[in-house]
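Residues are numbered in the numbering used here as their position in the sequence shown, beginning at 1, plus a constant of 197.
All C-beta atoms, glycine included, are put in the ideal place defined by N, C-alpha and C.
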Amino acid sequence: MSSLNIFELERNLKSWLEEDMPFGDITSDNIFEKKHKGEGDLIAKEEGVICGIDIYRKIYELIDKDVELTSNFIDGDLIHVGQKVGTISGPMASVLKGERLGLNIMQRLSGIATMAHAYSKEIEAFKTEIVDTRKTTPGLRSLEKYAVRVGGCTNHRFSLSDAVLIKDNHIAGAGSIGNAVDMVKKSIPHTVKIEVETENLDEVLEAITAKADIIMLDNMDNEMTSKAVELIRSKSSYITIEASGNMTLDRLKDVAKTGVDIISVGALTHSVAALDISLKFKK
Numbered sequence: 198m199s200s201l202n203i204f205e206l207e208r209n210l211k212s213w214l215e216e217d218m219p220f221g222d223i224t225s226d227n228i229f230e231k232k233h234k235g236e237g238d239l240i241a242k243e244e245g246v247i248c249g250i251d252i253y254r255k256i257y258e259l260i261d262k263d264v265e266l267t268s269n270f271i272d273g274d275l276i277h278v279g280q281k282v283g284t285i286s287g288p289m290a291s292v293l294k295g296e297r298l299g300l301n302i303m304q305r306l307s308g309i310a311t312m313a314h315a316y317s318k319e320i321e322a323f324k325t326e327i328v329d330t331r332k333t334t335p336g337l338r339s340l341e342k343y344a345v346r347v348g349g350c351t352n353h354r355f356s357l358s359d360a361v362l363i364k365d366n367h368i369a370g371a372g373s374i375g376n377a378v379d380m381v382k383k384s385i386p387h388t389v390k391i392e393v394e395t396e397n398l399d400e401v402l403e404a405i406t407a408k409a410d411i412i413m414l415d416n417m418d419n420e421m422t423s424k425a426v427e428l429i430r431s432k433s434s435y436i437t438i439e440a441s442g443n444m445t446l447d448r449l450k451d452v453a454k455t456g457v458d459i460i461s462v463g464a465l466t467h468s469v470a471a472l473d474i475s476l477k478f479k480k
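Given below as structure tokens:
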């Protein structure tokens, strides 16, 4: 969790706790007194990569420091069906107040980490790197991108402010790839790289001529991707080549074989299923 912005995380957790119990927990607060203690086990109901344990623990630090979450696992560990991931103990009302938020976050992040792990393992024999996209859940981007890293993949840009990425609509508005690149070069520092999205070989050649630093091959089939890589490498060994669009697990190896440097996968964050983890209390 050291790679997360702890101030942003705490601010978000407080907001989400307020959303979940704006005036307290009317059920738990009227059943349990402070003296009533409880203990429950976090149980994995699916195999996958765990992610979010320390975030779950942080939730209880904000609710009640008398609640303790103990675990022998760290983010990135593989878990199996039926395995106890951790134990939560403390005042029963406080444990229940953080249960759902903690599970929601950990299940979501573990699902992303599990998918990222599968994608990274699929092409571990290649030098190609798998990155995510900005197709994240609003408000959860930093956490979802953290989960991608936990799973073994890496991050593309975090926001529109991070890097220049000239896409099809920018090109349409500017009139051409060359115009768009020239326009942006007039204003950005020389330290900022320029990426251009291309959809065919003519656009690839135009991006090369415009001196793009990174060329994205968007929604190209494997044959066209191979031709694009060959064209780019015949002109420059310094341009980074990214493949994007419909990057399923089944396609990864074939795309990596074309020689691209990066494969960007939006599905890592926008089409992932939460990993099933439950909290079971002892009577």
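Once you ignore the five residues that flank residue i on each side, which residues in its own chain have a CB closer than 8 Å to its CB?
| i | result |
| --- | --- |
| Q280 | I240 and A241 |
| T422 | L414, A440, V452, T455 and V457 |
| K234 | S286, G287, P288 and M289 |
| T333 | E341, K342, T466 and H467 |
Check the C-beta distance from residue i over to residue j and give it rounded, since I have them as a contact under 8 Å.
| i | j | result |
| --- | --- | --- |
| D311 | L472 | One detail in the question is off: residue 311 reads as Thr in this sequence, not Asp. Contact holds; Cβ gap of about 6 Å. |
| T267 | G283 | 6 Å |
| I438 | V452 | Not a contact, Cβ separation roughly 11 Å. |
| L300 | D217 | About 12 Å; that fails the 8 Å criterion. |
| I247 | S307 | 5 Å |
| S212 | L293 | In fact, because the Cβ distance is near 20 Å, the residues do not count as touching under 8 Å. |
Please tell me whether residue i and residue j are closer than 8 Å, where the distance is taken between their beta carbons.
| i | j | result |
| --- | --- | --- |
| G287 | I256 | no |
| L428 | V401 | yes |
| E394 | K364 | yes |
| T330 | H353 | yes |
| E403 | G375 | yes |
Between residue i and residue j, what straight-line distance do the alpha-carbon atoms span, to the nearest angstrom?
| i | j | result |
| --- | --- | --- |
| D418 | D274 | 35 Å |
| K477 | E236 | 9 Å |
| V469 | A409 | 32 Å |
| V389 | V361 | 7 Å |
| Y435 | M303 | 40 Å |
| G221 | E230 | 14 Å |
| R338 | N416 | 24 Å |
| S291 | L210 | 15 Å |
| G336 | E205 | 10 Å |
| D359 | I223 | 44 Å |
| L259 | E244 | 30 Å |
Assign residue i to one of three DSSP states: helix, strand, or coil.
| i | result |
| --- | --- |
| K234 | strand |
| A241 | strand |
| S268 | coil |
| V361 | strand |
| M289 | helix |
| V469 | coil |
Apart from the five residues on each side of it in sequence, which residues of its chain come closer than 7 Å, Cβ to Cβ, to residue i?
| i | result |
| --- | --- |
| R208 | none |
| K450 | E319 and I320 |
| A371 | A377 and M380 |
| V328 | C350, T351, N352, H353, I459 and S461 |
| G442 | D415 and N416 |
Output needed for residue i: all residues of its chain with C-beta closer than 6 Å, excluding positions within five of it in sequence on either side, in chain order.
| i | result |
| --- | --- |
| D238 | K281, T284 and K477 |
May I ask whether a heavy atom of the ligand MG can be found less than 7 Å away from the beta carbon of residue i?
| i | result |
| --- | --- |
| T466 | The model depicted lacks the ligand MG and carries no ligand whatsoever. |
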